[in-house]
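Residue numbers (my numbering): 1066 to 1381.
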């Protein structure tokens, strides 16, 4: 539903300089592409976030919640409705309790995964090293079940806190969550009919005390391997495709298809890692979409394998 003058007035009166209209999403995605968001809001408190979500739901305005835009491709036409950014209101990381010899760390959705990993390392807590080098926020990592062959979010989560569009919050235990490869699915009985509008506020992570020096050494090895094997310094969204259940990885399939280094417009398949699509020079979202389609078509034609996108594509 398009915004009317009353809606615009309410947003401006409530959020002041923290609301923008027609904000280019290229400023807020790691790919540095994307057309304008109809409304772009950065709430400063959890209370403001709750009011914004409930108001949007009550007035039938669609909303999209983002962290740092690291796993996102926004189309050149932009995003209708409201984009909500968690960068200001959900950044806290705290040690909350010990439980059966483990330490429970609470991290809010807007905190960076990098910050959570550093927090754990400094305290000699084992379990988060797998996420070293993974871009983005805790909330995005939970929703995507982010991980590497060293581990995934589902391995360390104890519970998550969520916000319903009604403005109410609830805590969901790990055993009541359905995780899959790069995916968190809500069980119908937990959503009250609001599956697509549920918002992760944060997670509680169960970590184990360990030797700090051993953890730091392992961390250096993981970070150095990432720097060696992945493109650093150019805009990207991380791995673009999920790896097939068995056989070759998505990057290997794209490379075997002869597409490593292939470019369309300013978008390029990295010559360092074929599952990384980079913004080489002033790329548009359409450049990336064309390159994605090409990779899907050629890989399917050569290997009869349908690549599944890991990056979320949004926009009108």
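Positions of the beta carbon are idealized from the N, C-alpha and C atoms, including for glycine.
It should be emphasised that the depicted structure is a prediction, and the values quoted were computed from it without experimental measurement.
Please report the straight-line C-alpha distance between residue 1283 and residue 1123, rounded to a whole angstrom. 49 Å
Contacts around residue 1381, its chain only, beta-carbon distance under 6 Å, and the 5 residues preceding and following it disregarded: 1142 and 1145
Given the structure, does residue 1122 come close to the ligand FAD, in the sense that its CB is under 7 Å from one of the ligand's heavy atoms? Summarising the ligand content, the structure contains no ligands, and the ligand FAD is consequently not present.
Start and end residues, beta strand (DSSP E) containing residue 1171: 1167-1173
Residues bridged to residue 1273 (per DSSP): 1191
Residue 1097 by DSSP, collapsed to three states: which one? coil
Out of 1213, 1302 and 1120, point me to the one whose CA is closest to residue 1343's CA. 1302
Extract the residue ranges of the beta strand (DSSP E) inside the stretch 1200-1248, only unbroken runs of 3 or more that lie entirely within it. 1222-1228, 1234-1238 and 1243-1245
What residue ranges within the stretch 1293-1362 form continuous alpha helix (DSSP H) runs of no fewer than 4 residues, ordered along the chain? 1315-1321
Whole-Å CB distance - residue 1338 paired with residue 1296, under 8 Å assumed: 6 Å
Residue 1177, DSSP secondary structure in three states: strand
Close beta carbons around residue 1307, own chain, < 7 Å, minus the five adjacent residues each side: 1246, 1247, 1315, 1373 and 1375
DSSP has residue 1267 in a bridge; who is on the other side? 1173 and 1226
Quick one: what does DSSP say residue 1376 is sitting in, helix, strand or coil? coil
Given residue 1319, which residues of its chain have a CB within under 6 Å of its CB, disregarding the five upstream and five downstream residues? 1339 and 1360
Pick helix, strand or coil for residue 1146, following the three-state DSSP scheme. strand
Mapping the DSSP letters down to three states, classify residue 1103 as helix, strand or coil. strand
Beta-carbon proximity list for residue 1350, same chain, < 7 Å, skipping 5 on both sides: 1098, 1099, 1138, 1139, 1140 and 1141
On the CB-based measure, 16 or more other CB atoms within 10 Å of its CB, does residue 1194 come out buried or exposed? buried
Just to confirm, is the Cβ distance from residue 1234 to residue 1241 under 8 Å? no
Who are the near neighbours of residue 1113 in its chain, counting only those whose CB is closer than 6 Å to its CB and skipping five residues on each side? none
Just mark residue 1078 as buried or exposed, buried being the case when its beta carbon has 16 or more other beta carbons within 10 Å. exposed
Does the beta-carbon distance from residue 1239 to residue 1222 come in below 8 Å? yes
Determine the extent of the beta strand (DSSP E) in which residue 1158 is found, giving its start and end residues. 1158-1164
Could you spell out where the beta strand (DSSP E) holding residue 1153 opens and where it closes? Counting along the chain, residue 1153 falls outside any beta strand (DSSP E), and DSSP gives it neither H nor E.
Could you pull out every residue in the same chain whose Cβ sits closer than 6 Å to the Cβ of residue 1327, ignoring the five residues on either side in sequence? 1334
Considering only their Cβ atoms, is the gap separating residue 1353 from residue 1129 smaller than 8 Å? no
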